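Novice: Its first residue numbered 21, the sequence shown is counted upward by one per residue in my numbering.
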Amino acid sequence: MVVVVAAVAVTVAVVVVVVVVVVVVVEVVVVVVVVVVVEVVVVVVVVVVVVVVVVVVGGGVVVVIVVVVVVIILVVFVVIIGVVVEEVVEEEVVVVVVVVVVVVVVVVVVVVVVVVVIVVVVVEVFVVVVVVVLVVVVVVVVVVAVVVVVVVVVVVVVVVVEVVVVVVVIVEVVVVVVVVVVVVVVVVVVVVVVVVVVVVVVVVVVVVVVVVVVVGVVVVVVVVVVVVVVVVVVVVVVVVVVVVEEVVVVLEVEVVAVLVVVVIVFE
C-alpha cells in the first residue's frame with residue numbers, strides 16, 4: 021500500500037511539474053486572456069488530481085479536511101491571479117507572478133499528499149494490530165471451548181459406565197464438580213482477558229487516529245498560512261514595481277519639460 025501511495029504521489033508531482041512548464045511557455049507567447057484561461061485549467065487539473073489521490077488513499081475526516089483546504093487555496097489563487105493579470109500588462113511580470121504561484125501550488129499539493137500518506141500508513145498499521153489481536157482471541161476461545169466439550173464428554177461417559185458402583189459414582193461426581201468449577205473459572209478468566217484486551221486495543225487505536233488527524237490538520241493550517249503570506253508578499257512586490265514604474269515615467273516627462281523650458285529661455 022505504501023509503494024502504491026508513493027507511486028501515486030510521484031505521478032502527481034510529475035504531472036504538476038509538466039503542467040507548470042507548459043503554462044510558463046504558453047504565457048510567454050500568448051496574450052493576457054489566454055494566460056487567464058490556462059491558469060483556470062491548471063487550477064481545475066490540480067483540484068481533480070488532489071481529490072482523486074485523497075479519495076483513493078485516505079478516508080473520513082482527513083478526506084473532507086484536505087479537499088476543503090485545497091479547494092479554498094486554489095480559489096484564492098484564481099482570484100489573486102485574475103487581479104494581478106488585470107492590473108499588470110507587462111509580460112515578464114506576469115510570468116514571474118505565475119511561476120511563483122504555480123510553485124507554491126506544487127508545494128501545497130506535495131505536502132498534502134505526504135500528510136495523507138502518513139495518516140494512511142499509521143491507520144493501516146493499527147488495523148493490522150487489531151486484526152492480529154482479534155484472531156488470537158478467537159483462537160483462544162475456540163481452544164477453550166473444545167477443551168470444555170472434551171472434558172464434559174469424558175465425564176458423562178465415565179458417569180454412565182460406573183453408575184453401578186456408588187463409591188465410584190460419588191468420586192466421579194466430586195471430580196465432575198471440580199472440573200466444572202475449573203472450567204467455569206477458566207472461561208470467566210478468558211472472557212475477562214478478551215474484553216480487557218479488546219477495550220485497550222480500541223482505546224489505543226482511537227487515541228492514535230485522533231492524534232494523527234489533529235497533526236494532519238495542524239500541518240495543513242501551517243501550509244495555508246505560509247501560502248497566504250507568500251501570495252501577499254508577491255502581490256505587494258508587484259504593486260510596488262508597478263507604482264515605481266509609473267513614478268519613473270512621470271518624473272521623466274517632468275524632467276523633459278523642464279529641459280525644454282531651459283533651452284527655450286537660453287535661446
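Positions of the beta carbon are idealized from the N, C-alpha and C atoms, including for glycine.
Model, not experiment: these values are computed from the prediction.
Quick one, are the C-beta atoms of Val221 and Val160 less than 8 Å apart?
Specialist: As a working note, residue 221 is residue 201 in the sequence shown. As a working note, residue 160 is residue 140 in the sequence shown. Contact flag unset, no.
Novice: Report all residues from its chain with a CB closer than 7 Å to the CB of Val217; omit the five preceding and five following residues, and keep chain order.
Specialist: Translated into positions along the sequence shown, residue 217 becomes position 197. The answer, listed in chain order, is Val153 and Val157.
Novice: Phe146: which of Val232, Val204 and Val197 sits nearest, CA to CA?
Specialist: For the purposes of this step, residue 146 is identified with residue 126 of the sequence shown, where counting begins at 1. Residue Val232 is the option with its Cα nearest to Phe146.
Novice: Cβ atoms of Val208 and Val171: under 8 Å apart, would you say?
Specialist: Locating residue 171 in the sequence shown gives position 151, where the first residue counts as 1. Locating residue 208 in the sequence shown gives position 188, where the first residue counts as 1. Not in contact: Val171 and Val208 (Cβ atoms no closer than 8 Å).
Novice: So, does the stretch 164-178 touch the stretch 230-248, judging by three or more C-beta pairs under 8 Å?
Specialist: With the cut-off at 8 Å, the stretch 164-178 and the stretch 230-248 do not touch.
Novice: Let me check understanding here. Comparing Cα to Cα, which of Val164, Val187, Val259 and Glu192 lies closest to Val177?
Specialist: Taking the first residue of the sequence shown as position 1, residue 177 is located at position 157. Measuring from the Cα of Val177, the nearest candidate turns out to be Glu192.
Novice: Would you tell me roughly how many angstroms separate the C-alpha atoms of Val201 and Val163, rounded to the nearest one?
Specialist: For the purposes of this step, residue 201 is taken as the residue at position 181 of the sequence shown. For the purposes of this step, residue 163 is taken as the residue at position 143 of the sequence shown. Distance between the alpha carbons of Val201 and Val163 is about 18 Å.
Novice: Do Val150 and Val226 have their beta-carbon atoms positioned less than 8 Å apart in this structure?
Specialist: For this step, residue 226 is matched to residue 206 along the sequence shown. For this step, residue 150 is matched to residue 130 along the sequence shown. No, Cβ-Cβ distance for Val226 and Val150 is not below 8 Å.
Novice: For Val181, does the count of other Cβ atoms within 10 angstroms reach 16, so buried, or fall short, so exposed?
Specialist: Along the sequence shown, one-based indexing puts residue 181 at 161. Looking at its Cβ environment, which holds fewer than 16 other Cβ atoms inside 10 Å, Val181 is exposed.
Novice: Taking only the alpha-carbon atoms, compute the straight-line gap between Val230 and Val219 and give it to the nearest angstrom.
Specialist: Against the sequence shown, residue 230 aligns to sequence position 210. Against the sequence shown, residue 219 aligns to sequence position 199. Cα to Cα, the separation comes out at about 16 Å.
Novice: Quick one: Cα of Val247 to Cα of Val283, how far?
Specialist: Here residue 247 refers to the residue found at position 227 when the sequence shown is read from its first residue. Here residue 283 refers to the residue found at position 263 when the sequence shown is read from its first residue. Taking the straight line from one Cα to the other gives about 54 Å.
Novice: Rounded to a whole number of angstroms, what is the C-alpha to C-alpha distance between Val14 and Val187?
Specialist: With the chain running from 21 to 287 in the structure shown, residue 14 is simply not present.
Novice: Rounded to a whole number of angstroms, what is the C-alpha to C-alpha distance between Val259 and Glu266?
Specialist: Counting from 1 along the sequence shown, the entry for residue 259 is found at position 239. Counting from 1 along the sequence shown, the entry for residue 266 is found at position 246. Approximately 11 Å, taken between the alpha carbons.
Novice: Here's a check: name, in chain order, each residue in its chain whose Cβ is nearer than 6 Å to the Cβ of Val214, leaving out the five neighbours to either side.
Specialist: Along the sequence shown, one-based indexing puts residue 214 at 194. If we look at Val214 and ignore the five residues flanking it on each side, its Cβ neighbours are Val157.
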